[in-house]
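Participant: Just passing along the structure, written as structure tokens.
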Amino acid sequence: MTRVLTVSGARGRGTHRSITEALRAAAPGDTITVAPGRYPEEVHVDQDVHLRPEHGTGSVEVGPVTLTAAAVTLTGLVVRGLDPSRPAVSVLDGAGAVLDHVEVHNGRIEARAVNDVAALVLRDVAVHGAAGTALHLAGDVKAEGHDVRLDTVAGVGIVLSGAAQLAATRLLVRATDGSGIRVRGTARLTLTDCRIDRAGRNGLLVEDAAAAVAEETRIDTSGAAAVQASGAARVRLTDCRITAPGASGLVVADDAELTATGCTVRDTVANALLAVGAARAVLDGCRLTAAGFSAVHTAGTADVHLTGCRVLRGAEHGVHAVEQSRVTLTDCDLRELAMTGLHAGDRASLTVAGCTVADVATGIRIASSAPADLRQCAVLRPREVGVEVVAGGSLTLAGGRVSDAGAAGIVIDTAAAVRVSATDITGGGGSGLVTWTGARPQIDGLRVDGVAKNGIYVAPGAGGQYTRCDVIGTGFAGLHVGAGADPAFEHCRIPDTSAEPGSQATFTQCTAGDALLAPALPSADAAAGGRPGRIARRPAR
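Numbering (our numbering), first residue to last: 378 to 918.
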């Protein structure tokens, strides 16, 4: 039979003068009610009891509490620690505790399990003014938290280490000097409808072989990266919102993996996503807005996949891939970027399908010797070149569209390995396709319409194979061939041509208007057919 024991500072029949005294008299299952007041004693609960105020939440303040029993419930108490850097509430090996409407000051909540599992449930719990950490779960601890508030922490809000597990709903971590939440070892964290606000360092830091899952969670104004995964960590974010971190929004490094679905990352000081080392990141349906650096930066051998994402209003590139990283984009939209929409350098690999790049400086720039593959992509209104392949670059472009470029639509530099098929270039302030000296692209099914200069410009010493190309409505000659250039044209329609002395272009079944072009183009002074005009070889970024 359970009993109710009463604690009161005043003497009275059937009452105990201290909580410790009542605990000595209690049996498992008993309830201890405490009269209003301050009880500075250190409380050690080693019985399965329920400890609560007699007259409502917050009316009783106690000193540090240590819990060692298997089923302890604390309700409505204020717990005040002796030192902010030490535990105010301790849950030890084998203990099980429920804290309900408990407020903790001047210390942390700590659960440690070294030899046996410990269990902890937090409901409507607040921790204020802790140092080091506000909630520390270490070892084989299984915890859940609902409506927990941790604020003004001189350190990390929550630390999970060892094999600890925490599932939290409506958690608020606010104003920490260190990271909001740090997950280490093999610990597991699940956040639902939570908020991490004003962390001094990372909002969420996941290390080692730990894992974290966050849904409908906000991370605002962190001092460093909002979410950082390193080691062999695994992070999954769904419908989360990251705003104004002091560095990058998402950082994934080493062998870590990060998956983000339906998330927003905005107003970052650095990148929206930074992937380095051998990391892997998968973003689906995310929105990356107003990055201070490139929205997505990849390096090392990182592998990044973006599907259905929007990248908007960045201060640098939309995607900047370097070293031997690999980036795959499918059905993405990149707009209003100060530099290049997509840039691949070093030996980075770029695979793009069904994407749009609009209102950027250069649309797509391939400066990597690794193959880049672009299919069914559109580059709209770039201020400079639409697609540029620099010396030594490699690109396959199929089913593309370049519209209203400020300079040339497509520029192929010396020794670039390029294949273009079924691609349209419309409008623009320069030539449609520019093939520079030494380049020998394979062009099939190119259509150029309404450009300000030449439809196709083949520089001196350039070449390549041009099949089924259709050039109409150009400001200068539809085709210009430079001295010593030897391009081969088959089944092309070109309104007019110009050639420099020594050009060696050949034509098979090509027409100019209603007339069949001769197999070889007669050389003439370039001015006779109209100079091709100045085309920037190295456009500004």
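Where a beta carbon is used, it is the ideal one built from N, C-alpha and C, also for glycine.
Kindly list the residues whose CB is nearer than 6 Å to the CB of R565, restricted to its own chain and excluding five residues on each side of it in sequence; keep chain order.
Facilitator: Excluding sequence neighbours, R565 sits near Q542, A588.
Participant: Out of S746, R742, V536, T443, point me to the one whose CA is closest to V583's CA.
Facilitator: Minimum Cα distance to V583 is reached at V536.
Participant: Taking the runs of the beta strand (DSSP E) that are 3 residues or longer, which of them lie wholly in the segment 553 to 583?
Facilitator: Correct list: 558 to 560, 565 to 569, 572 to 576, 581 to 583.
Participant: Who are the near neighbours of T814 in its chain, counting only those whose CB is closer than 7 Å to its CB and skipping five residues on each side?
Facilitator: So the qualifying residues of the chain are T791, A836, P837, G838, A839.
Participant: I need the DSSP call for I409, collapsed to helix, strand or coil.
Facilitator: Residue state, collapsed to three classes: strand.
Participant: Which residues in the same chain have their Cβ closer than 8 Å to the Cβ of S771, if we skip the five residues on either side of it in sequence?
Facilitator: Excluding sequence neighbours, S771 sits near I743, S745, S746, A747, P748, A749, A793, A794, V795.
Participant: To the nearest angstrom, how far is the alpha carbon of P909 from that of I871?
Facilitator: Here the model assigns P909 a pLDDT of 37, short of 50, so the residue's position is not dependable, and the following value carries that caveat. Their backbone Cα atoms lie some 15 Å apart in a straight line.
Participant: Can you tell me whether DSSP reads T392 as helix, strand or coil?
Facilitator: Three-state DSSP puts T392 in a strand.
Participant: Just to confirm the assignment, what range does the beta strand (DSSP E) spanning L922 have?
Facilitator: The structure shown does not extend to residue 922, since the chain spans only 378 to 918, so no value can be given for it.
Participant: Could you tell me how far apart the beta carbons of A552 and R575 are, in whole angstroms, since I believe they sit closer than 8 Å?
Facilitator: The Cβ separation is near 5 Å, so the contact holds.
Participant: Which value, in whole angstroms, describes the spacing of the CA atoms of T675 and V455?
Facilitator: Their backbone Cα atoms lie some 49 Å apart in a straight line.
Participant: Around the C-beta of G406, are 16 or more other C-beta atoms found within 10 angstroms, so that it is buried, or is it exposed?
Facilitator: With fewer than 16 other Cβ atoms within 10 Å, it is exposed.
Participant: Buried or exposed: which applies to V502, given that a residue is buried once 16 or more other Cβ atoms fall within 10 Å of its Cβ?
Facilitator: Looking at its Cβ environment, which holds 16 or more other Cβ atoms inside 10 Å, V502 is buried.
Participant: Which word fits R911, buried or exposed, when buried means at least 16 other C-beta atoms lie within 10 angstroms of its C-beta?
Facilitator: Confidence in R911 is poor, its pLDDT being 33 and thus under 50, which makes the residue's placement unreliable; the coordinate value appears in the next sentence. Exposed: under 16 other Cβ atoms inside 10 Å.
Participant: Roughly how far, in whole angstroms, is the beta-carbon of K632 from the beta-carbon of T594, given that I think they are within contact range, below 8 Å?
Facilitator: A small correction: the amino acid at residue 632 is Asp; Lys does not occupy that position in the sequence shown. Their Cβ separation, rounded to whole angstroms, is 24 Å, which puts D632 and T594 out of contact at 8 Å.
Participant: By how many angstroms is the C-alpha of I409 removed from the C-alpha of T452?
Facilitator: If I take the Cα positions, the gap works out to 10 Å.
Participant: Is the beta carbon of A446 less than 8 Å from the beta carbon of D423?
Facilitator: A contact, by the Cβ cut-off of 8 Å.
Participant: Kindly give me the distance between the Cβ atoms of V437 and G414, rounded to whole angstroms, as I take these residues to be in contact under 8 Å.
Facilitator: V437 to G414, Cβ: 7 Å. Contact.
Participant: Can you tell me which of the three DSSP states E761 falls into?
Facilitator: Correct three-state label for E761: coil.
Participant: Which one of R572, A606, A601, A784 has the shortest CA to CA distance from D585?
Facilitator: D585 has its Cα closest to that of A606, out of R572, A606, A601, A784.
Participant: State the Cα-Cα distance for the pair R724 and V766, rounded to the nearest angstrom.
Facilitator: R724 and V766: Cα-Cα distance of roughly 13 Å.
Participant: Go to E867, then tell me how far its beta strand (DSSP E) extends in each direction, as first and last residue.
Facilitator: Here the beta strand (DSSP E) through E867 covers 865 to 867.
Participant: State the DSSP-derived secondary structure class of E438, mapped to helix, strand or coil.
Facilitator: DSSP places E438 in strand when its eight states are reduced to three.
Participant: For T397, name the three-state secondary structure that DSSP assigns.
Facilitator: If DSSP states are grouped into helix, strand and coil, T397 belongs with the helices.
Participant: Kindly indicate the opening and closing residues of the beta strand (DSSP E) around E634.
Facilitator: Looking at the DSSP string, the run of the beta strand (DSSP E) that includes E634 is 634 to 638.
Participant: Which one or two residues does DSSP pair with K519 in a beta bridge?
Facilitator: K519 is bridged to A496, Q542.
Participant: Tell whether a beta-carbon distance below 8 Å holds between T705 and T728.
Facilitator: Yes, they are a contact pair.
Participant: Would H421 pass as a contact of T443 if the rule is Cβ separation under 8 Å?
Facilitator: In contact: H421 and T443 (Cβ atoms closer than 8 Å).
Participant: What did DSSP end up calling R380 once you bin it into helix, strand or coil?
Facilitator: Here R380 sits in coil by DSSP.
Participant: For the beta strand (DSSP E) containing S726, list its first residue and its last residue.
Facilitator: S726 -> beta strand (DSSP E) spans 726 to 730.
Participant: Under 6 Å Cβ to Cβ from A652, same chain only, skipping five residues before and after it: list those, please.
Facilitator: Once the five neighbours on either side are set aside, the close Cβ partners of A652 are V629, A658, T675, A679, V681.
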